[in-house]
Amino acid sequence: MNCAEIRKLLHAYADGELDLVRNLEVEQHLKSCAKCAAEKNSIQSLRDALRQNDLAYRAPNALRKEIQKMVRTAREDARPTINPWFWKLLTAGATAFAALVIFLRPAGISGHDQLLNDAVASHVRSLQANHLTDVLSSDQHTVKPWFDGKIDFAPDAKDFAAQNFPLVGGRLDYLDGRTVAALVYKRNKHFINVFVWPEKNAGAGETKNLRGYSIINCDANGMHYCLVSDLNATELNELARLLAP
Amino acid sequence: MPHLDAAYNLARWLAGNDHDAADIVQDASVRAFRFIGNCRGENARAWLLMIVRNTAFTWLKKNRPQAIVSIDDDELAEIEDTNSATNSFRGADKNVLRAALEELPLEFREALVLRELEGFSYKEIAEVADVPVGTVMSRLARARRQLQNHFAQKGNL
């Protein structure tokens, strides 16, 4: 690729939005082209300045209260008229039932796909129920011993804050019929659940996208890692490479 | 209400002042609450911000039509290399940055705010602004290019 083509990709590169192949092509070019590398540094420096200067506005308290009040009244108004909600629930129930029937068809879903589905469901649940972590710490000497006695293996709970993946904490989860360790990392505002259990070759090296979530499976040191996040696959892969070099 | 700060942040950057931003968010919340059944639950944050965005643009069209300048989204027309001096934004002054952002065309400002201040992916920005991902990429590139030129000309941060 020449400089003009690289320039078109530089922003997506800086944003971590390129696919792996083009990412590598840009990286390669930057090693040998000082002009493009300088441009990349300028973009990066601008990104850092925008992100680190606390430029975001926060909702004023008065507005927050106003909206809470509005939602409350709207809920109360909706209460006497049960009918539309009843129908909505009924249709939702029918849809759920239909989905269940399709889901449970004998030839439907393989064990592995089931595992990926469960992993995504666990990830989503961990964010919804505000139950992301049981032990909240970026210190691996706090997180690692916390798992002691709770599971029959010791997951490596390394902090990758230096690589922009700070460790937030850990918790226990249940996946594929067994208790697994879930390590929680963060990239900017995205949370990443890393499910860890001792096993090999459960689809290692595979990258998938399920309902908008990226999933990466990898193996290292006799452990299997399943990474799930709404982060893009390229950035998620950076973490995978840190966990399983 | 979850994501209220994100909703307010976007509205504030589009409207340019606190009072109008609060009005827009309130209006958007009413709509969000009414259409909550349409949210497929995949990405509630992007869904809500899409409503805030649409509310803000409708409001601007009505009250400040001069703020809406249609931009040319031709992907090929852009990112010409203006050979700007390599600039570092390290130690950039917050107020200067804020003012420079405010000068950007609405669509560019919106893309940059969602990307850098809210950490949205290209896909999420595309969803909020209802444009293809390629357009998001080009808007971000042109927004950053304008900021780079802005600071290269002023020569100070």
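Sequence lines, in order, name chains S and C.
Per our numbering, the first sequence starts with residue 1, numbered consecutively.
Per our numbering, the second sequence starts with residue 246, numbered consecutively.
By construction, the Cβ of each residue, glycine as well, lies at the ideal position given by its N, Cα and C atoms.
Owing to the predicted nature of the structure, the values given are computational and were not obtained by experimental measurement.
Member of C:Arg-290, C:Phe-280, C:Arg-298 whose CA lies at the smallest distance from the CA of Val-270 of chain C: Translated into the one-based positions of the second sequence, residue 270 of chain C becomes position 25. Among C:Arg-290, C:Phe-280, C:Arg-298, the Cα nearest to that of Val-270 of chain C belongs to C:Arg-298.
Residue burial classification, Tyr-213 of chain S (beta-carbon count within 10 angstroms, cutoff 16): Mapped onto the first sequence, residue 213 of chain S falls at position 213. Buried: at least 16 other Cβ atoms inside 10 Å.
Limits of the alpha helix (DSSP H) - the one that Lys-150 of chain S falls within: Taking the first sequence and counting its residues from 1, one reaches residue 150 of chain S at position 150. Taken as a continuous stretch (DSSP letters only), Lys-150 of chain S belongs to no alpha helix (DSSP H), as it is neither H nor E.
Reference Gly-169 of chain S; option with closest CA among S:Ala-62, S:Val-228, S:Asp-48, S:Leu-136: The residue labelled residue 169 of chain S in the question sits at position 169 within the first sequence. Closest by alpha carbon: S:Leu-136.
Three-way DSSP call (helix, strand, coil) for Ile-370 of chain C in this model: One-based indexing of the second sequence puts residue 370 of chain C at position 125. In the structure shown, Ile-370 of chain C sits in a helix (DSSP, three-state: H, G or I).
Where His-29 of chain S meets chain C, residues with beta-carbon distance less than 7 Å: As a first step, residue 29 of chain S is located in the first sequence; it is residue number 29 there, counting from the start. Simply none; closest approach about 15 Å.
Beta-carbon gap between Ser-208 of chain S and Leu-116 of chain S smaller than 8 Å: Along the first sequence, read from residue 1 onward, the residue named residue 208 of chain S stands at position 208. Along the first sequence, read from residue 1 onward, the residue named residue 116 of chain S stands at position 116. Inspection of the sequence shows that residue 208 of chain S is occupied by Lys rather than by Ser. Taking 8 Å as the Cβ cut-off, Lys-208 of chain S and Leu-116 of chain S qualify as a contacting pair.
Candidates C:Met-382, C:Leu-357, C:Ser-383: closest to Asp-48 of chain S by CA position: Stepping through the first sequence from its first residue, residue 48 of chain S is reached at position 48. Of C:Met-382, C:Leu-357, C:Ser-383, the residue nearest in Cα terms is C:Leu-357.
Within 8 Å, strictly: CB atoms of Leu-172 of chain S and Ala-157 of chain S: Locating residue 172 of chain S in the first sequence gives position 172, counting from the first residue. Locating residue 157 of chain S in the first sequence gives position 157, counting from the first residue. Result no, Cβ atoms of Leu-172 of chain S and Ala-157 of chain S do not sit closer than 8 Å.
Under 8 Å between C-beta atoms of Val-373 of chain C and Ala-291 of chain C: Numbered from its first residue, the second sequence carries residue 373 of chain C at position 128. Numbered from its first residue, the second sequence carries residue 291 of chain C at position 46. Cβ distance < 8 Å, so Val-373 of chain C and Ala-291 of chain C count as in contact.
8 Å Cβ cutoff met for Leu-175 of chain S and Phe-195 of chain S: By 1-based counting over the first sequence, the position of residue 175 of chain S is 175. By 1-based counting over the first sequence, the position of residue 195 of chain S is 195. Going by C-beta atoms, Leu-175 of chain S is nearer than 8 Å to Phe-195 of chain S.
Among S:Leu-9, S:Arg-58, S:Ala-244, S:Glu-5, nearest to Glu-206 of chain S - alpha-carbon criterion: Mapped onto the first sequence, residue 206 of chain S falls at position 206. Per the Cα distances, S:Ala-244.
Endpoints, alpha helix (DSSP H) assigned at Ala-266 of chain C: To locate residue 266 of chain C, count along the second sequence from 1; it is residue 21. Where Ala-266 of chain C is concerned, the enclosing alpha helix (DSSP H) stretches over 263-279.
is_contact[Ile-67 of chain S, chain C] using C-beta, thresh 8 Å: Your numbering for residue 67 of chain S matches position 67 in the first sequence. Ile-67 of chain S counts as touching chain C.
Residues of the segment 30-52 of chain S whose Cβ lies closer than 8 Å to any Cβ of chain C, in chain order: Ala-38, Glu-39, Asn-41, Ser-42, Ile-43, Ser-45, Leu-46, Arg-47, Asp-48, Ala-49, Leu-50, Arg-51
Contained alpha helix (DSSP H) runs [length at least 4] in the segment 139-185 of chain S, N- to C-terminal order: 140-147
Where Tyr-225 of chain S falls: helix, strand or coil (DSSP): What you label residue 225 of chain S is simply residue 225 of the first sequence in a count that begins at 1. Three-state DSSP puts Tyr-225 of chain S in a strand.
C-alpha distance - Phe-160 of chain S paired with Ala-56 of chain S, whole-angstrom precision: Numbered from 1 along the first sequence, position 160 holds the residue referred to as residue 160 of chain S. Numbered from 1 along the first sequence, position 56 holds the residue referred to as residue 56 of chain S. In a straight line, the C-alpha of Phe-160 of chain S is about 26 Å away from that of Ala-56 of chain S.
Three-pair Cβ contact test at 8 Å for the segment 344-354 of chain C versus the segment 384-396 of chain C: yes
7 Å CB neighbourhood of Leu-9 of chain S in its chain, flanking five on each side removed: As a first step, residue 9 of chain S must be located in the first sequence, where it is residue number 9. Within the same chain, Leu-9 of chain S has close Cβ partners Leu-18, Arg-22, Val-26.
Cut-off 6 Å between Cβ atoms - residues of its own chain near Arg-276 of chain C, not counting five sequence neighbours on either side: Within the second sequence, residue 276 of chain C is the residue found at index 31, counting from 1. Closer than 6 Å at the Cβ level, and outside the excluded window around Arg-276 of chain C, lie Ile-296.
For Ile-192 of chain S, the first and last residue of its enclosing beta strand (DSSP E): On the first sequence, position 192 is the one that residue 192 of chain S refers to. Residues 190-198.
Which listed residue (S:Ala-154, S:Phe-165, S:Thr-142, S:Lys-186) has its alpha carbon closest to that of Val-180 of chain S: As a working mapping, residue 180 of chain S is identified with position 180 in the first sequence. For the residues S:Ala-154, S:Phe-165, S:Thr-142, S:Lys-186, the minimum Cα distance to Val-180 of chain S belongs to S:Ala-154.
Own chain residues within Cβ distance below 6 Å of Ala-322 of chain C, not counting five before or after: Residue numbering aside, residue 322 of chain C sits at position 77 when the second sequence is read from its first letter. With a pLDDT of 49 at Ala-322 of chain C, under the threshold of 50, the modelled position of this residue cannot be trusted, and the question is left open.
Cβ pair count under 8 Å reaching 3, the segment 184-195 of chain S against the segment 358-368 of chain C: yes
Pick from S:Thr-133, S:Arg-211, S:Tyr-185 that is closest to Leu-242 of chain S, judged by C-alpha positions: Counting from 1 along the first sequence, the entry for residue 242 of chain S is found at position 242. Per the Cα distances, S:Tyr-185.
Close-in-space but distant-in-sequence residues of the same chain around Gln-114 of chain S (CB under 7 Å, 5 per side omitted): As a working mapping, residue 114 of chain S is identified with position 114 in the first sequence. Correct list: empty, nothing qualifies.
Burial state of Arg-257 of chain C (16 or more Cβ within 10 Å): As a first step, residue 257 of chain C is located in the second sequence; it is residue number 12 there, counting from the start. Arg-257 of chain C is buried by the Cβ-count criterion.
Proximity of Leu-210 of chain S and Val-143 of chain S at Cβ, strictly below 8 Å: Taking the first sequence and counting its residues from 1, the one referred to as residue 210 of chain S is at position 210. Taking the first sequence and counting its residues from 1, the one referred to as residue 143 of chain S is at position 143. Not in contact: Leu-210 of chain S and Val-143 of chain S (Cβ atoms no closer than 8 Å).
Where Val-314 of chain C falls, given that 16 or more other Cβ within 10 Å makes a residue buried: As a position in the second sequence, residue 314 of chain C is number 69, starting the count at 1. So Val-314 of chain C counts as exposed.
Outcome for Thr-380 of chain C when other beta-carbon atoms lying within 10 angstroms are tallied against a minimum of 16: What you label residue 380 of chain C is simply residue 135 of the second sequence in a count that begins at 1. Per the 10 Å Cβ criterion, buried.
Spatially closest choice to Asn-193 of chain S from S:Leu-236, S:Met-223, S:Asp-152, S:Ala-204, by CA coordinates: Against the first sequence, residue 193 of chain S aligns to sequence position 193. For Asn-193 of chain S, the nearest C-alpha among the options comes from S:Leu-236.
Length of the line joining the Cα atoms of Leu-359 of chain C and Arg-51 of chain S: Translated into the one-based positions of the second sequence, residue 359 of chain C becomes position 114. Translated into the one-based positions of the first sequence, residue 51 of chain S becomes position 51. In a straight line, the C-alpha of Leu-359 of chain C is about 11 Å away from that of Arg-51 of chain S.
DSSP three-state assignment for Cys-3 of chain S, whether helix, strand or coil: Position 3 of the first sequence, counting from 1, holds the residue named residue 3 of chain S. Residue state, collapsed to three classes: helix.
Proximity to Asp-250 of chain C [Cα-Cα], best of S:Arg-64, S:Ser-45, S:Leu-46, S:Ile-6: Numbered from its first residue, the second sequence carries residue 250 of chain C at position 5. The residue with the shortest Cα to Cα distance from Asp-250 of chain C is S:Arg-64.
Under 8 Å between C-beta atoms of Ala-267 of chain C and Thr-300 of chain C: Indexing the second sequence from 1 puts residue 267 of chain C at position 22. Indexing the second sequence from 1 puts residue 300 of chain C at position 55. Their beta carbons are not under 8 Å apart, which means Ala-267 of chain C does not touch Thr-300 of chain C by this criterion.
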